[in-house]
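Chains as they are written, first to last, in my numbering: chain A, 175 to 508; chain B, 175 to 508. Here's the structure, in structure tokens; my notes come after.
Printed below as a string of structure tokens:
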């Protein structure tokens with residue numbers, strides 16, 4: 175597995191190296207099928223990079239409550255859960271790329287470009303089902319409840335995002351609803367199930383969930399404004415992806431709301447196709463305005479909430495890495 | 175809900191009228207979402223007819239082991255399971271229609287025709303997640319195991335079918351593998367979970383599962399040859415759907431294997447588009463040959479296995495209805 179990461183994500187990968195390898199092995203085993211295209215598509219995606227942030231959160235949350243060893247009580251279960259959250263995420267990426275007609279992801283062609291939309295839809299369904307099989311193997315009903323709720327929420331968020339494409343008058347509230355569902359719900363559940371399987375004190379469940387939720391919000395808001403930053407790189411997607419796909423995200427919403435070059439944005443999203451020149455103009459307009467700073471302020475408000483909730487959780491050795499991860503998520507450039 | 179059915183399916187619907195209404199109510203409640211297109215697509219499908227055979231099997235299997243009342247022990251659970259199996263089935267139909275680029279189903283436009291492929295993919299994901307949420311509410315781990323395995327098997331079967339499209343040299347064995355996964359697995363699980371939630375003697379689990387599996391095999395083989403029968407009607411799809419979509423099913427496989435008009439079939443499936451005239455020629459060739467009789471013989475072999483396994487199950491009042499259902503599945507004309 176080749177991962178392009180920066181500290182503290184790198185540090186977490188290092189700390190949880192053995193467990194992450196077990197997660198990877200289990201994911202690859204889960205791709206086993208008599209139908210070769212399932213294995214081909216699955217391996218292409220799983221081995222195609224990605225930060226693996228969700229299984230890292232599951233493993234780290236587990237260690238927060240069970241710092242001695244991931245392989246003691248619940249050890250097997252947490253590896254299953256790490257694999258399950260990554261498979262759910264991978265399944266949603268497959269379907270997203272079909273819906274968005276995306277051609278590139280993480281510097282390589284999307285699966286739908288290589289194998290076609292039909293394979294992507296069906297292999298996505300397979301990965302999703304495999305995730306549920308892994309979850310069921312933990313025999314932990316609270317975990318099943320958490321992840322099945324997250325899965326429904328993700329799908330709801332994706333549909334809401336789809337119906338909001340090209341809607342230049344999207345409100346900040348609706349945008350936050352979309353990213354709560356499509357991103358933060360799985361971050362939150364990934365953390366929550368790690369704690370649940372470690373047998374955490376249930377009075378802390380809310381704080382663990384909210385830590386994950388707010389971290390997810392920071393992560394997605396930053397992802398969305400990096401899409402318009404000329405100095406961002408290695409984002410795991412092309413710069414301008416959202417712009418080209420007609421996805422109205424926070425920078426565009428704030429621009430229109432505050433009437434900053436709103437004619438430009440309205441005309442851009444009224445078109446069915448936007449060019450590279452359009453993107454360069456968009457980037458210049460944003461960088462010359464206060465909009466990216468305002469986006470960052472909104473992300474910062476979620477960073478603060480994530481820190482508040484983390485502060486209620488046990489100060490196990492890994493706690494500081496999770497704290498660093500929050501700041502990293504806000505300040506990253508890629 | 176309007177259902178176009180024949181006895182004994184009608185009789186089962188009559189017997190389980192109250193419980194089926196509860197299943198329908200729960201399905202409609204499950205479609206509730208703040209995102210209106212989810213409700214629109216969901217209701218369009220759920221209220222668009224269909225035989226509801228899978229939840230009927232769940233309810234009937236439950237009554238087999240708990241004949242007094244569906245509302246006694248496990249009553250709430252079985253309604254959840256009936257709704258879950260129908261939602262899984264509906265989700266697969268949504269994705270199937272995208273994969274097959276189908277335009278009509280059950281006499282109405284497909285959801286992908288009305289709302290587009292993207293909505294169908296994402297609403298399918300939502301329904302699938304809702305099904306898991308309902309299953310988790312039963313808190314019955316064997317049930318979760320059974321249905322999550324079925325879901326993975328369905329997806330595997332769909333991919334295998336996709337990679338076999340236009341493969342005129344498909345073997346009977348691979349064809350049976352495909353329908354085992356895409357159809358019989360959910361029939362089998364629908365029965366099995368009904369028995370599990372009723373607290374059946376676990377030594378009978380195998381027979382209940384195999385009854386459902388073999389019934390599903392009969393059902394799908396008959397569906398596939400009715401696609402080529404000029405006197406079939408109300409099939410819930412247009413005559414010739416498989417032919418137009420390039421799906422190589424049992425009649426075509428047997429024709430090629432036995433070298434009966436195999437040049438015709440080879441040339442037809444070498445084309446990307448087949449016309450109504452092509453279909454009429456196909457129907458005439460099949461009706462003038464022994465092929466449909468041979469398909470029926472294969473279906474009959476599964477009918478006999480279904481009867482053998484049913485024979486091992488308790489002779490509760492509903493047992494005879496399940497027996498009649500097997501014969502009906504073989505002999506139906508629509």
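C-beta atoms are modelled at their ideal positions from N, C-alpha and C, and glycine is treated no differently. Source: prediction; values computed, not measured.
How far does the alpha helix (DSSP H) with residue i in it reach, from first residue to last?
i: residue 238 of chain B; result: 227–239
i: residue 465 of chain A; result: 465–485
i: residue 337 of chain A; result: 315–338
i: residue 452 of chain B; result: 450–461
i: residue 217 of chain B; result: 210–220
i: residue 309 of chain A; result: 291–311
i: residue 379 of chain B; result: 379–400
i: residue 347 of chain B; result: 346–353
i: residue 193 of chain A; result: 191–204
i: residue 343 of chain A; result: No alpha helix (DSSP H) holds residue 343 of chain A; DSSP gives it neither H nor E.
i: residue 440 of chain B; result: 436–444
i: residue 425 of chain B; result: 424–431
i: residue 365 of chain A; result: 359–371
i: residue 500 of chain B; result: 493–505
i: residue 415 of chain B; result: 415–418
Could you say which of the options lies nearest to residue i if we only look at CA atoms?
i: residue 463 of chain A; options: A/493, A/403, A/229 and A/487; result: A/403
i: residue 272 of chain A; options: A/286, A/224, A/281 and A/279; result: A/286
i: residue 509 of chain B; options: B/240, B/261 and B/278; result: With chain B represented from 175 up to 508, any question about residue 509 of chain B goes unanswered, as that position is not in the structure.
i: residue 423 of chain B; options: B/444, B/394 and B/182; result: B/394
i: residue 225 of chain B; options: B/216, B/250, B/194 and B/206; result: B/194
i: residue 490 of chain B; options: B/451, B/369 and B/461; result: B/369
i: residue 425 of chain B; options: B/349, B/399, B/471 and B/303; result: B/399
i: residue 281 of chain A; options: A/481, A/476, A/415 and A/450; result: A/415
i: residue 459 of chain B; options: B/472, B/430 and B/376; result: B/430
i: residue 239 of chain A; options: A/505, A/367, A/218 and A/299; result: A/367
i: residue 233 of chain B; options: B/365, B/477 and B/483; result: B/365
i: residue 492 of chain A; options: A/316, A/327, A/388 and A/241; result: A/241
i: residue 299 of chain A; options: B/337, B/315, B/308 and B/325; result: B/325
i: residue 484 of chain B; options: B/235, B/219 and B/223; result: B/235
i: residue 397 of chain A; options: A/208, A/219 and A/508; result: A/508
With a 10 Å radius around its C-beta and 16 neighbouring C-beta atoms as the bar for buried, classify residue i as buried or exposed.
i: residue 264 of chain B; result: buried
i: residue 177 of chain B; result: Confidence in residue 177 of chain B is poor, its pLDDT being 45 and thus under 50, which makes the residue's placement too unreliable to answer from.
i: residue 245 of chain A; result: For residue 245 of chain A, the pLDDT reaches just 48, beneath the cut-off of 50, and the residue's location in the model is therefore unreliable, leaving the point undetermined.
i: residue 275 of chain B; result: exposed
i: residue 247 of chain B; result: Note that residue 247 of chain B scores 43 on pLDDT, short of 50, meaning its location in the model is unreliable and no value can be drawn from it.
i: residue 179 of chain B; result: Bear in mind that a pLDDT of 44 at residue 179 of chain B, under 50, signals an unreliable position, so the number given afterwards is only what the model happens to contain. Flag for residue 179 of chain B reads buried.
i: residue 467 of chain A; result: exposed
i: residue 486 of chain A; result: exposed
i: residue 228 of chain A; result: buried
i: residue 196 of chain B; result: buried
i: residue 345 of chain A; result: exposed
i: residue 237 of chain B; result: buried
i: residue 215 of chain A; result: buried
i: residue 505 of chain B; result: exposed
i: residue 251 of chain A; result: buried
i: residue 294 of chain B; result: buried
Check the Cβ of residue i against every Cβ in chain B and list those closer than 7 Å, keeping chain order.
i: residue 313 of chain A; result: 315
i: residue 431 of chain A; result: Correct list: empty, because the minimum Cβ distance to chain B is about 22 Å.
i: residue 323 of chain A; result: 307
i: residue 326 of chain A; result: 300, 303, 304 and 307
i: residue 207 of chain A; result: 330
Under 8 Å Cβ-Cβ, which residues of chain A neighbour residue i?
i: residue 399 of chain B; result: Near residue 399 of chain B there are no residues of chain A at all, since even the closest Cβ is about 25 Å away, more than 8 Å.
i: residue 288 of chain B; result: Per Cβ cutoff of 8 Å: no residues; residue 288 of chain B is ~14 Å from chain A at best.
i: residue 235 of chain B; result: Result: empty, since nearest Cβ-Cβ is about 20 Å, beyond 8 Å.
For a contact defined as C-beta to C-beta under 7 Å, what are the partners of residue i on chain A?
i: residue 319 of chain B; result: 310
i: residue 211 of chain B; result: 333 and 337
Just to make sure I have the definition right: I need the residues of chain A whose C-beta is within less than 9 Å of the C-beta of residue i. Which are they?
i: residue 379 of chain B; result: Within chain A, no residue comes near residue 379 of chain B; the closest Cβ sits about 17 Å away, beyond 9 Å.
Can you pull the chain B neighbours of residue i, defined as C-beta to C-beta under 8 Å?
i: residue 296 of chain A; result: 269, 273, 329, 332, 333 and 336
i: residue 292 of chain A; result: 272, 273 and 336
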